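Going line by line, the protein sequences match chains C and R. Using the working numbering, you'd call the opening residue of the first sequence number 1 and step up by one each time. Using the working numbering, you'd call the opening residue of the second sequence number 1 and step up by one each time. Where is the CB? At the ideal position from N, CA and C, for every residue including glycine. Source: prediction; values computed, not measured.
2 protein chains.
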Amino acid sequence: MINKLVAKIQKTGAPIVVGLDPMLSYIPGPVLKKAFSAYGETLEGAAEAIWQFNKEIIDNTYDLIPAVKPQIAMYEQFGIEGLKVFQKTVDYCKEKDLVVIGDVKRGDIGSTSAAYATAHLGKVTVGENRISAFNEDFATVNPYFGSDGLKPFIKTCKEEKKGIFVLVKTSNPSSGEFQDRLIDGRPLYEYVGEKVAEWGMECMGESYSYVGAVVGATYPEMGKILRKIMPKAYILVPGYGAQGGKGADLVHFFNEDGLGAIVNSSRGIIAAWQQEKYAEFGEKNFGAASRAAVMDMKEDIAKALENR
Amino acid sequence: MINKLVAKIQKTGAPIVVGLDPMLSYIPGPVLKKAFSAYGETLEGAAEAIWQFNKEIIDNTYDLIPAVKPQIAMYEQFGIEGLKVFQKTVDYCKEKDLVVIGDVKRGDIGSTSAAYATAHLGKVTVGENRISAFNEDFATVNPYFGSDGLKPFIKTCKEEKKGIFVLVKTSNPSSGEFQDRLIDGRPLYEYVGEKVAEWGMECMGESYSYVGAVVGATYPEMGKILRKIMPKAYILVPGYGAQGGKGADLVHFFNEDGLGAIVNSSRGIIAAWQQEKYAEFGEKNFGAASRAAVMDMKEDIAKALENR
């Protein structure tokens, strides 16, 4: 799957992943109204609105981008109905040949991590059958448990040719509270990065590993160091756009070959129609606004990479 | 909810939580067979078997224990059908007046953590309505993101009078890989423990905080230190039984008042019928075997506390 991701990034020329993290406040009034009149102001109604919203954005962007990253929390808050739409979104994106990164940030002790790996990347055994549950292509994983929490994910990646992105340095303001603590003069995230590089050697694709890392766009200097510590890890970079990360900050996350990083934007793309810059599209054409935002983001990153 | 948990522990005299972490291999053949013949060897069939298994164990133990802890990963691996049974289990346990600790180990950056807090402890706004999704009483939370990943959970705890248990020192063998790294001579888990104490001061119940901690039974010496660092935090102690933690190891996790800790056992109780010790019950009476295992665990802990 890492080979497919790299190939799709090269084909589209867009190291971009669209974060499908829908909030009801991002959804245009008419879409909400239609869903609520069919299902009421219920979890089903909210789920239907999210599904119609996602579908429009996917239909308007899938040919420009290699991958999407649905954030499961945004679906989980609507309970079973929300998770049904998470699954429907994963399936639909795969039909459109997009690589699907399940932003699930799971992680636990060994036997439990194995169940999470099965849930999101693998197949569960029921009697004589082996059945997929959510079946994303990649999942994000929390490293706090250490190797034995990660190993079941790596095992599943090998079996299914899928991948993970391990949280190394997250994009949020307080990420330093624990991640930056100095151990013998070096921050914790560097040790986590070293482990990612080590785990990654166990399952290499053609040029990059099935084991990638998450490093926030909001910390470009740290990205520079982590890029060197984990040369074969694809870096998933959140924090571009709404969280403050800029194109120029991103260059440090890429390798010399112009590969090695994929930049996420969620609100900046899916709620583009709410920005003044894309107001001309109007709420009816919110999908077209998202398409324009993807093209602008692609240009911003390409320029930054040219000028480095 | 922390007040209810403490009151129920005092009433039952059992600082015990039963981990409802069903694996298909724990479920007696006749239960599996019946579910598969109704729904086939499908996700629905697996989910039905898990539900019947859980129900029997709950019916046989609810009067002895204060709380249950369903591990969501074990349900998530069966996709939507599995998560429906997670929800059904939560609801059924609440009907039985049990405190429900959702072992979900969620955590993310602020806005996403808010969605997870809503999913598991809060209410989501849909139009004019505020609706609960999974609606557990407590949730376990991963601290890797620092304060801004935790604050949305604390906000929801205050609003809903619910609680969280933050991972401090986990029970697995490689937990030390990052958690034990020394920062100015002190391990990371102590810094996390200090933060738990600090966050906990913001939302105190009568004698304990709504913000508790997870510390593995497998690390009793660390439990001793963490008990002092977080005097007002209830400690959820996994790792008893199948993972190797013994009654005598547990005393350090309790305060002088005999409170302050609740010990989890999963396999040791729900799969008791598979142990030689409880073989006399036979697979048909697996619920009664679980009941006997709860009584033995209660006695083991009570003895250890008497002898300290």
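- In terms of beta-carbon proximity, E76(C) lines the interface with chain R, with at least one pair separated by less than 8 angstroms.
- Assignment of T140(R) by DSSP, reduced to helix, strand and coil, places it in the strand class.
- Under the three-state reduction of DSSP, L182(C) is assigned to strand.
- Boundaries around I269(R) are those of the alpha helix (DSSP H), 267-270, since no beta strand (DSSP E) includes it.
- For N142(R), at least one C-beta of chain C is nearer than 8 angstroms to its own C-beta.
- The C-beta separation of Y144(C) from A73(R) comes to about 15 angstroms, leaving the pair out of contact by the 8 angstroms criterion.
- In the structure shown, L188(R) falls within a helical segment according to DSSP collapsed to helix, strand and coil.
- Segment contact: the region 140-155 of chain R against the region 191-202 of chain R, three or more CB-CB distances shorter than 8 angstroms; contact assigned.
- Assignment of A261(R) by DSSP, reduced to helix, strand and coil, places it in the strand class.
- Here E159(C) is exposed, its C-beta having fewer than 16 other C-beta atoms within 10 Å.
- In terms of beta-carbon proximity, N60(R) stays away from the interface with chain C, with every pair separated by 8 angstroms or more.
- Out of F134(C), V124(C), A114(C), T125(C), the CA that lies nearest to the CA of G149(C) is found in A114(C).
- Rounded to the nearest whole angstrom, the C-alpha separation of V251(C) and W51(R) is 51 angstroms.
- Excluding the 5 residues flanking it on each side, A47(C) has same chain C-beta neighbours closer than 6 angstroms at F78, E81, G82, V85, in chain order.
- In this structure the region 94-112 of chain C touches the region 159-179 of chain R; the number of beta carbon pairs closer than 8 angstroms is three or more.
- Residues of chain C whose Cβ lies closer than 7 angstroms to the Cβ of R181(R) are, in chain order, I183, L188, Y191.
- Comparing alpha-carbon positions, the option among I16(C), V294(C), G122(C) lying closest to Y278(C) turns out to be V294(C).
- The DSSP assignment places complete alpha helix (DSSP H) segments of no fewer than 4 residues inside the region 208-255 of chain C at 220-229, 247-250, in order along the chain.
- Note on the region 110-154 of chain C: whole beta strand (DSSP E) runs with a minimum of 3 residues are 123-126, 129-132, 138-141, in chain order.
- A straight-line Cα-Cα distance of about 21 angstroms links D296(R) and I27(R).
- The criterion of a C-beta distance shorter than 8 angstroms is not satisfied by Y189(R) and I183(R).
- For the set G163(C), G258(C), W273(C), R291(C), the Cα lying nearest the Cα of A304(C) is the one of G258(C).
- For G82(C), the uninterrupted alpha helix (DSSP H) segment begins and ends at 79-95.
- In the structure shown, I9(C) adopts helical secondary structure according to DSSP, grouped into three states.
- Rounded to the nearest angstrom, the gap between the Cα atoms of G244(C) and S265(C) is 11 angstroms.
- For A289(R), the closest alpha carbon among the candidates T42(R), P15(R), I58(R) is that of I58(R).
- DSSP places Q52(C) within a helical segment (H, G or I) once states are collapsed to three.
- Collapsing the DSSP output to three states places L20(R) in coil.
- Using a C-beta cut-off of 8 angstroms, the region 10-19 of chain R makes no contact with the region 31-42 of chain C, since fewer than three inter-stretch Cβ pairs fall below that distance.
- Residue G223(C) holds the alpha-carbon nearest to the alpha-carbon of P187(C) among G212(C), K33(C), G223(C).
- For K33(C), the enclosing alpha helix (DSSP H) has its first and last residue at 29-39.
- Per DSSP, reduced to three states, the secondary structure at D108(R) is coil, with no helix or strand assignment.
- For Q87(R), the closest Cβ of chain C is nearer than 8 angstroms.
- Apart from the 5 residues on each side of it in sequence, Y219(R) sits with its Cβ closer than 7 angstroms to the Cβ of K169 in its chain, given in chain order.
- With at least 16 other beta carbons inside 10 angstroms of its own, G287(R) counts as buried.
- Exclusion of the five residues before and after A119(R) leaves A133, F134 as the residues of its chain whose Cβ lies within less than 7 angstroms of its Cβ.
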